[in-house]
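Engineer: The structure is given below, and queries will be raised subsequently.
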Amino acid sequence: MKRTITHLADGRELIYFDRRDDADRSAIDRRTLGPRPVASEMRYDPLTEEWIAIAGHRQTRTFLPTGGTAECPLCPSSDTRSTEIPAHDYDVVVFENRFPSFSTNFGTYEEPGGLSEVRPGVGRCEVVCFTSDHDSSFSKLPDSQVELVMEAWADRTAELSQIEGVEQVFCFENRGAEIGITLAHPHGQIYAYPYVTPRTKLQLAAAGRYTKGNLFADVLAAEREAGTRVVASNELWTAFVPAAARWPFEVHVYPHRQVPDLAALTEEERAAFAPLYTSVLRAFDGLFDMVMPYISAWHQAPVRAGRELGYLHLELFSIRRAANKLKFLAGSESAMGAFVNDVLPEEAARLIRSQIDH
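Just so you know, we're using the numbering used here here: the sequence shown kicks off at 69 and counts up by one.
Structural data, given as structure tokens:
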């Protein structure tokens, strides 16, 4: 793999990840861009003990351009059009988000009053372009391309973990207009948070109270033994529908070895992940013979606190519950955080398996 660092016109960092050592990455960003926005402000909610990012500059970000490749900012540049990627072609690209939720470009922040407090939204937000092919998807990537994406994820996890003030690194993909994407080009994002996220806190607290071993490892072992909800597996990974799934179609993918994050995976583990994961994604699309909207989320151990308890795993879920029905987060879920699932997890697993076997 060749890794090349360059910069965009406004100073943002861009990194090419190439399979070929002779890839020419000398192209420069010819655009004239305005100043970069200052970091968001973090406000503390004393009732939930959570930090909320206030990032008003994100209101101006690009939203669902209608011109396909002619307007897509994630497609390669051409002789007549400049995009976020200066090169005329690329394998995998990572660059700093132009409209970040977190950054190290601090402004001034006034105390909001009340019982809240404010601090800078230190961190970093990056965009990961999985392929230069605008009309592709992660499920269509060849295994070698998935491995290159994983190399990029691992590289960025290690690098972003070194930023002062960063407590957790989150790699994820949003897919589908129903999910709320703003760009259709196959891509994901990476957030380097200045705190440990609420869901990770809950999971690590449960793992800390568990006295029989490692909670994540035992969940995986129990699912593998039961087999009812396992949808795919190989020697190094298992994909299963959790017994208490929140979403109509939800799959968790675990490595068989406890590691804290993507950077700790071996070359063999990264290679084994690729065919298993893309088979699950294709099964999702096959469920209703249509593009399945989903969120794919890597759960990594925090940079510092609770790292020894963490267990890298991926949680994939869709809001589609039938061909013509979506699961909206209504009163119970949105207001109370109390989920009601419309699909029996065992039935969801059976349906997904039938598409993988098919």
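All C-beta atoms in this analysis are idealised placements derived from N, C-alpha and C, irrespective of residue type, glycine included.
On the three-pair Cβ rule with 8 Å, is the segment 208-223 touching the segment 174-192?
Structural biologist: With a cut-off of 8 Å, the segment 174-192 and the segment 208-223 do not count as touching, because too few Cβ pairs lie within range.
Engineer: Are His367 and Leu380 close, meaning C-beta to C-beta below 8 Å?
Structural biologist: yes
Engineer: Under 8 Å, with one C-beta from each stretch per pair, do the segment 314-328 and the segment 398-417 reach the 3-pair mark?
Structural biologist: Contact between the segment 314-328 and the segment 398-417 is present, with at least three C-beta pairs closer than 8 Å.
Engineer: Between which two residues does the beta strand (DSSP E) containing Val160 stretch?
Structural biologist: 160-164
Engineer: Does the beta-carbon distance from Ala273 to Asn173 come in below 8 Å?
Structural biologist: no
Engineer: Pairs of beta-carbons, one from the segment 191-200 and one from the segment 219-228, closer than 8 Å: are there three or more?
Structural biologist: yes
Engineer: Using only alpha-carbon positions, find the residue among Glu232, Pro413, Ile96 that is nearest to Glu291.
Structural biologist: Measuring from the Cα of Glu291, the nearest candidate turns out to be Pro413.
Engineer: Following the continuous beta strand (DSSP E) through Thr72, name the residue where it begins and the one where it ends.
Structural biologist: 70-75
Engineer: Determine the direct distance from the alpha carbon of Pro266 to that of Thr116, and round the result to whole angstroms.
Structural biologist: 9 Å
Engineer: For Tyr263, report the span of its beta strand (DSSP E) as first-last.
Structural biologist: First-last for Tyr263: undefined, no H or E at that position.
Engineer: Just verifying my parser: in three-state terms, what is the DSSP assignment at Glu376?
Structural biologist: coil
Engineer: Can you check whether the CB of Ser200 is closer than 8 Å to the CB of Tyr261?
Structural biologist: no
Engineer: Ignoring anything shorter than 4 residues, give me the alpha helix (DSSP H) runs that lie fully in the segment 280-349, in order along the chain.
Structural biologist: 283-294
Engineer: Using DSSP bridges, identify the partner residues of Met110.
Structural biologist: Ala121, Arg187
Engineer: Mark Lys395 as exposed unless 16 or more other C-beta atoms lie within 10 angstroms of its C-beta, in which case mark it buried.
Structural biologist: The residue is buried, with at least 16 neighbouring Cβ atoms inside 10 Å.
Engineer: So Tyr24 packs on Val161, CB below 8 Å; how close in whole Å?
Structural biologist: An answer regarding residue 24 cannot be provided, because it is not within the stretch 69 to 426 covered by the chain.
Engineer: Determine the DSSP secondary structure at Gln257, reduced to helix, strand or coil.
Structural biologist: strand
Engineer: Using 8 Å as the cut-off, can you tell me whether the segment 245-262 makes contact with the segment 279-286, which would need three or more C-beta pairs spanning the two stretches below that distance?
Structural biologist: no
Engineer: Of all the options Cys239, Ser184, Gly181, Gly233, which has the alpha carbon lying nearest to the alpha carbon of Phe198?
Structural biologist: Cys239
Engineer: With a threshold of 8 Å on Cβ separation, who are the neighbours of Ser184 within its own chain once the five nearest residues in sequence on each side are excluded?
Structural biologist: Arg111, Tyr112, Asp113, Pro114
Engineer: Would Leu209 and Thr346 qualify as a contact pair, given that the criterion is a beta-carbon distance under 8 Å?
Structural biologist: yes
Engineer: Exposed or buried, which one is Phe385 when buried takes at least 16 other CB atoms within 10 Å?
Structural biologist: buried
Engineer: Assuming Leu288 and Phe163 make a contact with CB atoms under 8 Å, what is their CB distance in whole Å?
Structural biologist: No, Leu288 and Phe163 are not in contact; Cβ-Cβ is about 35 Å, not under 8 Å.
Engineer: Tell me whether Arg338 is buried or exposed, calling it buried when 16 or more other Cβ atoms sit within 10 Å of its Cβ.
Structural biologist: buried
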